[in-house]
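Input: a single structure, listed below in structure tokens.
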């Protein structure tokens, strides 16, 4: 999971080298570049976690329906499920932001001249 997110963020950085150079030439600070990649990474984490929660909950309820029938809904622990979903959301977005630290600082350290010189 962590390696996939790091790879995704590194690809985003390498694909946008010229844009980073343009932003830096226009006066963007390193902190702005880092924040941009942190926001992108956290959004990826939140969206991925929400999709995972929906799929996981669907599979779990489906298996419970097969095993226990309609009695599943009368014994469904909604509070525990809500707490677990919230914890998963926090952990998923935290891992994504943690994985973006390296690529974000790599993007911020690019010199504008060097970034503008890159050929596609």
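Numbering (our numbering), first residue to last: 207 to 326.
Quick reminder that beta carbons are idealized off the backbone N, C-alpha and C, glycines included.
Here the structure is a predicted model, which is why all the values come from computation and not from measurement.
Closest to residue 302 by C-alpha separation, out of 243, 280, 269 and 247, would be which residue?
247
Taking the C-alpha atoms as reference points, what is the distance between residue 322 and residue 212?
24 Å
Close-in-space but distant-in-sequence residues of the same chain around residue 231 (CB under 6 Å, 5 per side omitted):
318
Tell me whether the beta-carbon of residue 215 lies closer than 7 Å to the beta-carbon of residue 306.
yes
Can you confirm whether the segment 266 to 286 touches the segment 223 to 243 when touching is taken to mean that 3 or more C-beta pairs between the two stretches lie within less than 8 Å?
no
Meets three-Cβ-pair contact criterion under 8 Å: the segment 242 to 259 and the segment 286 to 304:
yes
Figure out for me which residue from 242, 273, 237 and 208 has the closest Cα to the Cα of residue 222.
242
Looking only at its own chain, which residues have a Cβ that is under 7 Å from the Cβ of residue 308, when we skip the five neighbours before and after it?
212
With residue 294 and residue 239 assumed to form a contact (beta carbons below 8 Å), what rounded beta-carbon distance in angstroms separates them?
Between residue 239 and residue 294 the Cβ distance is about 29 Å, and since that is not below 8 Å, they are no contact.
Between 291, 270 and 312, which lies nearest to residue 280 when the distance is taken from Cα to Cα?
270
Between which residues of its own chain and residue 291 is the CB-CB distance below 7 Å, once the five residues before and five after are set aside?
259
Kindly give me the distance between the Cβ atoms of residue 244 and residue 310, rounded to whole angstroms, as I take these residues to be in contact under 8 Å.
6 Å
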